[in-house]
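Take a look at the structure below.
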Amino acid sequence: MKVLVIIEHDNETVKQSSFSTISAAKEISDSVEAIVLGQSLDSVINELKKSDHLKKIYKIDHELFKNPLAENLSKAIQKFAEGSDYTHILSPSSTFGKNMSPKLSALMDVQQISDITKIISDDTFERPIYAGNAIAKVKSNDPIKIITVRPTCFEPCALNSSVNVESITVNLDKNNSISFVSYDKSKSDRPELTSAKIVISGGRGMQNGENFRLLEGIADKLGAAMGASRAAVDAGFVPNDWQVGQTGKIVAPDLYIAVGISGAIQHIAGIKDSKFIACINKDEEAPIFNFSDYGLVGDLFELLPKLEEKL
Amino acid sequence: MKALVCVKRVIDYNVRIRVKSDKSGVETDNVKMSMNPFDEIAVEEAVRLKEKNQIQEIVILSIGSDKSQETIRSGLAMGGDRGILVKTEKDQLEPLSVGKIIKAVSDKEKPDLIILGKQAIDDDCNQTGQIVATLLEFPQATFASELKKNDDNSLQVTREVDGGLETVKINIPCVVTTDLRLNEPRYASLPNIMKAKQKKIDVLEIGSFDIDIKERLQVLEVNEPPERKPGIKVDDVDSLVEKLKNEAKVL
Numbered sequence: 294m295k296v297l298v299i300i301e302h303d304n305e306t307v308k309q310s311s312f313s314t315i316s317a318a319k320e321i322s323d324s325v326e327a328i329v330l331g332q333s334l335d336s337v338i339n340e341l342k343k344s345d346h347l348k349k350i351y352k353i354d355h356e357l358f359k360n361p362l363a364e365n366l367s368k369a370i371q372k373f374a375e376g377s378d379y380t381h382i383l384s385p386s387s388t389f390g391k392n393m394s395p396k397l398s399a400l401m402d403v404q405q406i407s408d409i410t411k412i413i414s415d416d417t418f419e420r421p422i423y424a425g426n427a428i429a430k431v432k433s434n435d436p437i438k439i440i441t442v443r444p445t446c447f448e449p450c451a452l453n454s455s456v457n458v459e460s461i462t463v464n465l466d467k468n469n470s471i472s473f474v475s476y477d478k479s480k481s482d483r484p485e486l487t488s489a490k491i492v493i494s495g496g497r498g499m500q501n502g503e504n505f506r507l508l509e510g511i512a513d514k515l516g517a518a519m520g521a522s523r524a525a526v527d528a529g530f531v532p533n534d535w536q537v538g539q540t541g542k543i544v545a546p547d548l549y550i551a552v553g554i555s556g557a558i559q560h561i562a563g564i565k566d567s568k569f570i571a572c573i574n575k576d577e578e579a580p581i582f583n584f585s586d587y588g589l590v591g592d593l594f595e596l597l598p599k600l601e602e603k604l
Numbered sequence: 499m500k501a502l503v504c505v506k507r508v509i510d511y512n513v514r515i516r517v518k519s520d521k522s523g524v525e526t527d528n529v530k531m532s533m534n535p536f537d538e539i540a541v542e543e544a545v546r547l548k549e550k551n552q553i554q555e556i557v558i559l560s561i562g563s564d565k566s567q568e569t570i571r572s573g574l575a576m577g578g579d580r581g582i583l584v585k586t587e588k589d590q591l592e593p594l595s596v597g598k599i600i601k602a603v604s605d606k607e608k609p610d611l612i613i614l615g616k617q618a619i620d621d622d623c624n625q626t627g628q629i630v631a632t633l634l635e636f637p638q639a640t641f642a643s644e645l646k647k648n649d650d651n652s653l654q655v656t657r658e659v660d661g662g663l664e665t666v667k668i669n670i671p672c673v674v675t676t677d678l679r680l681n682e683p684r685y686a687s688l689p690n691i692m693k694a695k696q697k698k699i700d701v702l703e704i705g706s707f708d709i710d711i712k713e714r715l716q717v718l719e720v721n722e723p724p725e726r727k728p729g730i731k732v733d734d735v736d737s738l739v740e741k742l743k744n745e746a747k748v749l
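As given, the protein sequences belong to chains A and B, one line each in that order. Under the working numbering, the first residue of the first sequence carries the number 294, and numbering increases by one thereafter. Under the working numbering, the first residue of the second sequence carries the number 499, and numbering increases by one thereafter.
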């Protein structure tokens, strides 16, 4: 068995999700190789070649891959993989992998296994369905397994090695049907909701958008990302992209703090993989208490300023 | 411009999911079903483009049992013009098979825009749009949070990616998958629900497509997620901070 890991990066640094995917690959086989596609890859390669578990790194440095357009990436990887003996091709299940990997699977006529959280054997995996409300154990009958890996479920590999790098080329025509226009990095100084170590969210109990300021001070002190329940988003307190839950963002931080959130099913579905959940709610019967490691009953308008002070 | 909107009938997002005791799947009997919320956003976007006269016809496609006609009807009530049901008695089709069927329908319908949710909230695969785009060799813009039609027969689409927003320009015909921020779907009015009943839905048997829909992925079992350990209530802010620092060690 031989595993190929597709590396996610921004032409400057390697994303942590890539190192987690390498760890997942190592659970499948000792023979793990990686491929990096991008432009001006020196700093990326210098970082990546330290990865433990990798036998070899292939790099394709070309202006076609300056921006991660899935059309170009999937075709190039297919051409590269076609002539080799890889049994598994793994990508992180970040927006990068989710965008690209299903295209690769369609090109190779393989049914992709999305977002695996556990490796049972080389053909059997666990993956959450219904936003983690059920866990499916699936066995792939395809000759090649194309997989996306949930990065938070695998520890990033250690960086103590020095891996051989081979520069390769593929023949690819420019795809004129799509062009990259721009990338706007989130202006917020806060971490991303889906990768933050700590997330603090507000619900309908916040009463209005203005009151989310009470959470800001705490988020600043903790370096936390800020989120909200669907109820708070529907009420117009905060923008849509703050929504945590089944139809919003699925988060799995070390600590999730739910403030004024009752704990509707669809919210719980998005937070249940958090290591610890703490909540503040004035209704001690609220379902959120059943899912919280630490619950504090009381008026959030009194408790939040105290909490900020204590941190 | 003609839009093909693909919609899936799934367990309503507000229903508590129960895993069957024989571990074969989740309970769907007597459970409220609705249109996949991300597909609802796709229907809404198509209707808005039609209201701006940028789309002339909206075709709503679903693949499933006869009951999926209800899902198509709700899309028609929101503003779709006609429906297509590809009928199958199979509970679940894999995304690769679904992609091949959508491709076949698209080869006949020749839409300029295929728009669908970024994922279905049942199997959470997040694959179908990408597969369809690949099989048809159309450009794709996944996870769309903003969509504008340019004058030169292209779309400008802003995509929600990790850490920010990416904007791409894609030529028509194309595939767009929708994310939450794109719009807020409307509720169909009663008159529109009544009108939708008169709209045409073509029913095609899945067997009439020459497509192999045999599973590649075998579901061995479906389990409940691991239970969370029961938590405790703390008395005040001090003990909460103390527990988070010393017991959970997360601060």
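All C-beta atoms, glycine included, are put in the ideal place defined by N, C-alpha and C.
Within its chain, find whatever has a CB closer than 7 Å to the CB of residue i; leave out the 5 residues flanking it on each side and keep chain order.
| i | result |
| --- | --- |
| alanine 489/A | Ala517, Ala518, Pro546 |
| alanine 374/A | Leu297, Ile382 |
| glutamate 675/B | The identity of residue 675/B in the sequence shown is threonine, whereas the question assumes glutamate. Around threonine 675/B: Leu614, Gly615, Lys616, Gly627, Thr640, Phe641, Ala642. |
| isoleucine 619/B | Val508, Tyr511, Asn534, Pro535 |
| leucine 715/B | Glu592 |
Of all the CB atoms in chain A, is at least one closer than 8 Å to the CB of residue i?
| i | result |
| --- | --- |
| lysine 588/B | no |
| alanine 575/B | no |
| lysine 667/B | yes |
| leucine 742/B | yes |
| glycine 562/B | no |
| aspartate 621/B | yes |
| phenylalanine 641/B | yes |
| isoleucine 711/B | no |
| threonine 569/B | no |
| valine 603/B | no |
| arginine 546/B | no |
| proline 683/B | no |
| asparagine 721/B | yes |
| glutamate 592/B | yes |
Just to confirm before moving on: does the CB-CB distance between residue i and residue j stay below 8 Å?
| i | j | result |
| --- | --- | --- |
| valine 541/B | isoleucine 558/B | yes |
| lysine 617/B | phenylalanine 536/B | Looking at the sequence itself, residue 617/B is glutamine, so the reference to lysine does not match. In this structure, phenylalanine 536/B lies closer than 8 Å to glutamine 617/B by Cβ. |
| histidine 355/A | valine 325/A | no |
| proline 385/A | glutamate 301/A | yes |
| serine 572/B | methionine 533/B | yes |
| glycine 556/A | alanine 579/A | yes |
| alanine 525/A | isoleucine 550/A | no |
| glycine 729/B | serine 398/A | no |
Just the Cα atoms here: how many angstroms apart are residue i and residue j?
| i | j | result |
| --- | --- | --- |
| lysine 438/A | glutamine 404/A | 8 Å |
| asparagine 681/B | isoleucine 412/A | 37 Å |
| glycine 553/A | asparagine 533/A | 18 Å |
| methionine 499/A | alanine 369/A | 49 Å |
| glutamate 577/A | glycine 591/A | 8 Å |
| lysine 348/A | glutamate 485/A | 32 Å |
| proline 598/A | isoleucine 561/A | 26 Å |
| threonine 569/B | isoleucine 440/A | 31 Å |
| lysine 359/A | aspartate 622/B | 30 Å |
| glutamine 371/A | isoleucine 704/B | 30 Å |
| valine 659/B | serine 522/A | 21 Å |
| glutamine 559/A | serine 687/B | 26 Å |
| serine 377/A | isoleucine 299/A | 15 Å |
| serine 336/A | alanine 318/A | 23 Å |
| aspartate 466/A | isoleucine 353/A | 15 Å |
Apart from the five residues just before and just after residue i, which ones in its own chain have a Cβ nearer than 8 Å to its Cβ?
| i | result |
| --- | --- |
| valine 748/B | Leu742 |
| valine 739/B | Leu749 |
Any beta-carbon of chain B closer than 8 Å to the one on residue i?
| i | result |
| --- | --- |
| glycine 259/A | Outside the shown range of chain A (294 to 604) lies residue 259/A, about which nothing can therefore be said. |
| glycine 553/A | no |
| serine 387/A | yes |
| phenylalanine 373/A | no |
| leucine 421/A | Position check: residue 421/A holds proline in this sequence, whereas leucine was assumed. So, interface residue. |
| alanine 429/A | yes |
Excluding the five sequence neighbours on either side, which residues of its own chain have a C-beta within less than 6 Å of the C-beta of residue i, listed in chain order?
| i | result |
| --- | --- |
| lysine 667/B | Ser652, Gln654 |
| alanine 424/A | Gln539, Ala562 |
Counting only runs of 3+ residues fully inside the segment 430–517 of chain A, write out the beta strand (DSSP E) ranges in chain order. Counting only runs of 3 or more, we get 438–442, 458–460, 471–478, 491–495.
Any alpha helix (DSSP H) of 4 or more consecutive residues that is wholly inside the segment 520–602 of chain A: Within the segment 520–602 of chain A, the runs of alpha helix (DSSP H) at least 4 residues long that lie entirely inside it are, in chain order, 523–527, 558–564, 581–584.
Runs of beta strand (DSSP E) lying entirely within the segment 508–557 of chain B, each at least 3 residues, in chain order: Scanning the segment 508–557 of chain B from its first residue to its last, the whole beta strand (DSSP E) runs of 3-plus residues come out as 531–533.
Complete beta strand (DSSP E) runs within the segment 334–389 of chain A (minimum length 3 residues, chain order): Runs of the beta strand (DSSP E) inside the segment 334–389 of chain A: 347–354, 381–385.
Of all the alpha helix (DSSP H) runs that stay within the bounds of the segment 601–655 of chain B, which reach a length of 4 or more residues? Counting only runs of 4+ residues, the alpha helix (DSSP H) found wholly inside the segment 601–655 of chain B occupies 626–634, in chain order.
What residue ranges within the segment 663–707 of chain B form continuous alpha helix (DSSP H) runs of no fewer than 4 residues, ordered along the chain? Annotation: the segment 663–707 of chain B contains the following complete segments of the alpha helix (DSSP H) (minimum length 4 residues), in chain order: 688–694.
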